[in-house]
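Novice: Would you mind keeping the following structure in view while I ask a few things?
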Amino acid sequence: MSNAAALIAGLGDIRVVTDPAKVQLKSRDFYWYSPVLKRQLESVRADLVVEPADEAEVIRTLAACHKHRVPVTVRGGGSGNYGQAMPLNGGAVLDLSRLDQILEIGFGRVRAQAGAKLARIDQACQEHSRQELRFHPSTLKMGTIGGFVAGGSSGAGSIAWGTLRDRGNIQGLRIVTMEAEPRILELAGDAIQKVNHAYGTNGVITEVAMPLAPAWPWVDLIVGFKDFMSAVRCADALARQDGVVKKLITALAAPIPELYFRPLQSRIPQGQSVLLLMIAEPWLTALRDFLKSWPGEILLERAAVDPKRRALPIYELSWNHTTLHALRIDPTITYLQVLYPPPAHVEYAAEMHRHFGEEVMIHLEFVRFDGQIACLGLPIVRFTTESRLDEIIRHHEDHGCPIFNPHAFTLEEGGMKQVDRSHLAFKREADPLGLLNPGKMLGWDNPDYTGMSRQSYLYKSLGTA
Ligand code: FAD
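Numbered per the numbering used here, the sequence shown spans residues 27 to 491.
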């Protein structure tokens with residue numbers, strides 16, 4: 027970057043990191059989950075990292091970067107697995123981890139700076155008034171609230187509350203624009219959707235207001251089944267037990283548990299498929315009674331929050347942590363992110379399980395999706411070649427199961443968001459020079475891109491954004 031010295035001078039007393047090893051570290055996220063992204067993004071590197079201490083320093087940083095035409099890629103915890111936080115055009119990584127204040131906790135609502143870690147927010151809300159975030163990614167300990175909103179979607183709790191795309195699951199955002207004189211915008215209601223899951227391409231989030239739920243004493247359970255589809259049907263029926271308060275229903279086909287969950291191997295008999303559950307303690311009797319009519323056996327049951335134990339919380343075996351455990355044991359595997367759409371999600375899962383066998387080991391997260399019970403899948407794929415991976419993706423899509431392709435780094439190809447005219451208009455307003463996380467929004471980089479949508483992808487209830 028030829029203008030680095032001028033930029034650093036313009037940043038004045040704002041903390042800047044130029045040490046090459048540290049800059050390299052902060053230029054990466056969990057992109058290496060994908061063998062395709064690993065190949066494509068291996069050499070991506072920022073020129074420097076800026077670490078503002080507060081919103082005023084964010085504003086000064088953006089003004090200086092705008093003046094010197096330096097691209098800015100925002101970073102929270104760096105735990106995204108789509109290469110979202112990787113600075114494709116170099117420039118500055120804007121590390122927001124020092125904006126970590128929890129500003130306000132009220133009945134049903136928390137407001138925090140964007141760099142606050144999700145686990146700290148949860149803990150503070152529990153201590154304040156026995157409340158917690160409605161749902162969180164399995165990266166509760168790594169992720170920040172700003173990064174979750176800008177790059178994530180759902181997690182433990184989504185079986186009760188849906189995903190970030192559902193109205194009401196983000197209460198408010200405060201963002202800073204990328205202009206000569208950056209402005210502060212407060213977004214509420216449907217306007218939030220422009221910035222939700224936009225990979226920081228159209229504004230830097232500095233504050234987030236989120237709704238809260240009661241913090242129940244959760245119990246972690248593992249239930250074993252000899253037959254995977256019995257486990258899936260049981261999970262689907264449990265998801266519909268409206269009186270049972272639950273936070274997690276994960277179904278994992280054999281041999282995922284026995285191959286990849288080393289710490290639990292003594293508990294999980296060979297060949298078993300499992301359900302991972304988080305159930306609120308007052309509803310354990312109801313759960314046990316429900317399970318009596320299913321051919322499953324409780325293999326593990328323990329209080330989720332037990333400070334005396336250092337055991338892995340069960341959510342750290344679920345969502346994309348399942349893939350992490352698998353990658354640690356077998357770095358040659360890869361994965362997909364799939365929607366098995368309602369109301370036939372169980373049949374779709376059964377069909378993919380039957381068709382691919384152990385080449386695509388099925389992992390389902392039961393969620394409420396656009397108002398219905400559905401499954402988000404994170405199947406583990408025995409990777410051979412990129413062309414075979416493409417075939418597997420195509421087979422899913424041709425058979426009604428959309429893929430949120432985790433082997434692509436653009437918003438549109440990742441598929442969780444389709445960029446429509448209102449997104450482009452907002453980007454023109456908030457980042458007219460296209461300096462925020464360049465390369466991630468196809469609709470901006472390539473005006474001929476034909477995937478422009480008038481609807482929020484797959485979210486009919488949101489209507490035209
Ligand atoms: P980062 O990775 O730092 O950033 C994510 C994106 O948001 C980037 O594009 C970045 O530029 C942008 N961004 C970050 N902060 C801001 C900001 N303040 N303003 C504007 N843009 C910003 N995701 C889920 O949704 N559910 C899961 O259950 C889940 N499980 C995971 C498990 C593992 C093991 C891994 C590796 C990933 C998982 N993820 C999951 C993805 C990711 O961990 C989460 O989405 C997490 O919340 C991201 O937060 P972060 O602070 O690490 O974001």
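Where is the CB? At the ideal position from N, CA and C, for every residue including glycine.
In this text, all values refer to a predicted model and were calculated from it rather than measured experimentally.
When burial is assigned at 16 or more other CB atoms within 10 Å of the CB, is Y483 buried or exposed?
Specialist: Walking along the sequence shown from the start, residue 483 turns up at place 457. At Y483, the pLDDT of 42 sits below 50, so the modelled position is not reliable; the number obtained from the coordinates is stated separately. That one is buried.
Novice: Return the CA-CA distance between M387 and A280, expressed in angstroms with no decimal places.
Specialist: Reading the sequence shown from its first residue, position 361 is the one you call residue 387. Reading the sequence shown from its first residue, position 254 is the one you call residue 280. Each residue's Cα considered, the two are about 7 angstroms apart.
Novice: Mind reading off the beta-carbon distance from T348 to L404? Whole number of angstroms is fine, and I expect it under 8 angstroms.
Specialist: Counting from one through the sequence shown, the residue named residue 348 turns up at place 322. Counting from one through the sequence shown, the residue named residue 404 turns up at place 378. About 6 angstroms; that satisfies the 8 angstroms criterion.
Novice: Can you have a look at L199 and say buried or exposed, based on whether 16 or more other CB atoms are within 10 angstroms of its CB?
Specialist: Here residue 199 corresponds to residue number 173 of the sequence shown, with the count starting at 1. It is buried - the Cβ of L199 has at least 16 other Cβ atoms within 10 Å.
Novice: When you measure from the CB of H421 to every non-hydrogen atom of the ligand FAD, does any distance come out below 7 angstroms?
Specialist: Stepping through the sequence shown from its first residue, residue 421 is reached at position 395. Incorrect: H421 has no Cβ contact closer than 7 angstroms to the ligand FAD.
Novice: If we ignore side chains and look at the alpha-carbon of each, how far apart do L415 and F56 end up?
Specialist: Indexing the sequence shown from 1 puts residue 415 at position 389. Indexing the sequence shown from 1 puts residue 56 at position 30. Answer to the nearest angstrom: the Cα atoms are 19 angstroms apart.
Novice: Have a look at the DSSP bridge pairing and note the partners of V393.
Specialist: The residue labelled residue 393 in the question sits at position 367 within the sequence shown. A400.
Novice: Quick one: what does DSSP say F174 is sitting in, helix, strand or coil?
Specialist: In the sequence shown, the residue the question calls residue 174 occupies position 148. Looking at F174 - three-state DSSP - the assignment turns out to be helix.
Novice: With which residues is V84 paired in a DSSP beta bridge?
Specialist: Taking the sequence shown and counting its residues from 1, the one referred to as residue 84 is at position 58. Per DSSP, none; premise fails for V84.
Novice: Expressed to the nearest angstrom, what Euclidean distance is found between the alpha-carbon atoms of K318 and W244?
Specialist: Position 292 of the sequence shown, counted from the first residue, corresponds to residue 318. Position 218 of the sequence shown, counted from the first residue, corresponds to residue 244. Taking the straight line from one Cα to the other gives about 21 angstroms.
Novice: Quick one: give me the first and last residue of the beta strand (DSSP E) that P46 is part of.
Specialist: Along the sequence shown, one-based indexing puts residue 46 at 20. It is not in any beta strand (DSSP E) - P46 instead sits in the alpha helix (DSSP H) that spans 46 to 52.
Novice: Is the beta carbon of Y225 closer than 8 angstroms to that of P432?
Specialist: Walking along the sequence shown from the start, residue 432 turns up at place 406. Walking along the sequence shown from the start, residue 225 turns up at place 199. Contact: no.
Novice: Figure out for me which residue from M168, F161, D80 has the closest Cα to the Cα of L129.
Specialist: Locating residue 129 in the sequence shown gives position 103, where the first residue counts as 1. L129 has its Cα closest to that of D80, out of M168, F161, D80.
Novice: At a threshold of 7 angstroms, does H347 count as lining the ligand FAD (C-beta to nearest heavy atom)?
Specialist: As a position in the sequence shown, residue 347 is number 321, starting the count at 1. Yes, the Cβ of H347 comes within 7 angstroms of a heavy atom of the ligand FAD.
Novice: With DSSP as the reference, label Y286 as helix, strand or coil.
Specialist: Within the sequence shown, the letter at position 260 stands for residue 286. Reduced to three states, the DSSP call for Y286 is helix.
Novice: Thinking C-alpha only, which one of V300, T311, G426 is nearest E323?
Specialist: In the sequence shown, residue 323 corresponds to position 297, counting from 1. Minimum Cα distance to E323 is reached at V300.
Novice: Pull up the distance between the alpha-carbon of P237 and that of I40, whole angstroms please.
Specialist: Taking the sequence shown and counting its residues from 1, one reaches residue 237 at position 211. Taking the sequence shown and counting its residues from 1, one reaches residue 40 at position 14. The alpha-carbon atoms of P237 and I40 are separated by roughly 33 angstroms.
Novice: Could you tell me the alpha carbon to alpha carbon distance between A277 and F254, rounded to whole angstroms?
Specialist: Position 251 of the sequence shown, counted from the start, is the residue given in the question as residue 277. Position 228 of the sequence shown, counted from the start, is the residue given in the question as residue 254. When rounded, the distance between both Cα atoms is 8 angstroms.
Novice: Should A31 and D73 be called a contact, given that it needs their Cβ atoms to be closer than 8 angstroms?
Specialist: Taking the first residue of the sequence shown as 1, we reach residue 31 at position 5. Taking the first residue of the sequence shown as 1, we reach residue 73 at position 47. No, Cβ-Cβ distance for A31 and D73 is not below 8 angstroms.
Novice: Counting pairs of beta carbons, one from the region 281 to 297 and one from the region 259 to 270, are three or more of them closer than 8 angstroms?
Specialist: Because the criterion of three Cβ pairs below 8 angstroms is not met, the region 281 to 297 and the region 259 to 270 do not touch.
Novice: Would you tell me roughly how many angstroms separate the C-alpha atoms of N29 and Q139, rounded to the nearest one?
Specialist: Taking the first residue of the sequence shown as 1, we reach residue 29 at position 3. Taking the first residue of the sequence shown as 1, we reach residue 139 at position 113. So the two alpha carbons sit approximately 30 angstroms from each other.
Novice: Kindly give me the distance between the Cβ atoms of G469 and N115, rounded to whole angstroms, as I take these residues to be in contact under 8 angstroms.
Specialist: Here residue 469 refers to the residue found at position 443 of the sequence shown. Here residue 115 refers to the residue found at position 89 of the sequence shown. With a Cβ gap of about 17 angstroms, G469 and N115 do not count as contacting.
Novice: Around the Cβ of Q481, are there at least 16 other Cβ atoms within 10 angstroms (buried) or fewer (exposed)?
Specialist: By 1-based counting over the sequence shown, the position of residue 481 is 455. Any reading at Q481 must be qualified, since the residue scores a pLDDT of 41, below 50, and its modelled position is unreliable; the value itself is stated next. The residue is exposed, with fewer than 16 neighbouring Cβ atoms inside 10 Å.
Novice: Three or more C-beta pairs closer than 8 angstroms, one from the region 184 to 202 and one from the region 387 to 396: is that the case here?
Specialist: Yes, they touch.
Novice: What is the rounded straight-line gap between the Cα of Y366 and the Cα of E385?
Specialist: The count along the sequence shown starts at 1 and reaches residue 366 at position 340. The count along the sequence shown starts at 1 and reaches residue 385 at position 359. Cα to Cα, the separation comes out at about 18 angstroms.
Novice: If we call anything under 8 angstroms between Cβ atoms a contact, is E205 one with H92?
Specialist: The residue you call residue 205 lines up with position 179 of the sequence shown. The residue you call residue 92 lines up with position 66 of the sequence shown. Their beta carbons are under 8 angstroms apart, which means E205 touches H92 by this criterion.
Novice: Can you name the residues that DSSP bridges to R146?
Specialist: Translated into the one-based positions of the sequence shown, residue 146 becomes position 120. Paired residue(s): none; R146 is not in a bridge.
Novice: Helix, strand or coil for S69? Go by DSSP, reduced to three states.
Specialist: For this step, residue 69 is matched to residue 43 along the sequence shown. Coil.
Novice: For D55, verify whether its CB is less than 7 angstroms away from any heavy atom of the ligand PLP.
Specialist: This structure does not include the ligand PLP; its bound ligands are the ligand FAD.
Novice: Out of D148, V98, L166, which one is the CA nearest neighbour of G106?
Specialist: As a position in the sequence shown, residue 106 is number 80, starting the count at 1. With distances taken between Cα atoms, G106 lies closest to L166.
Novice: Who are the near neighbours of G141 in its chain, counting only those whose CB is closer than 7 angstroms to its CB and skipping five residues on each side?
Specialist: Position 115 of the sequence shown holds residue 141. Here the set comprises G102, L122, S123, R124, L125, D126, T170, G172.
Novice: With distances taken Cα to Cα, identify the nearest neighbour of G36 among S180, W320, V249, A90.
Specialist: Residue 36 sits at position 10 when you count from the first residue of the sequence shown. Closest by alpha carbon: A90.
Novice: Note down, in chain order, each residue of its chain lying with its Cβ closer than 7 angstroms to the Cβ of N346, except the 5 sequence neighbours on either side.
Specialist: Counting from one through the sequence shown, the residue named residue 346 turns up at place 320. The answer, listed in chain order, is N107, S164, L404.
Novice: Is the CB-CB distance between V76 and M112 below 8 angstroms?
Specialist: Locating residue 76 in the sequence shown gives position 50, where the first residue counts as 1. Locating residue 112 in the sequence shown gives position 86, where the first residue counts as 1. It is not a contact, given that the beta carbons lie outside the stated cut-off.
Novice: DSSP on I388, reduced to helix/strand/coil?
Specialist: Position 362 of the sequence shown, counted from the start, is the residue given in the question as residue 388. It is coil, neither helix nor strand.
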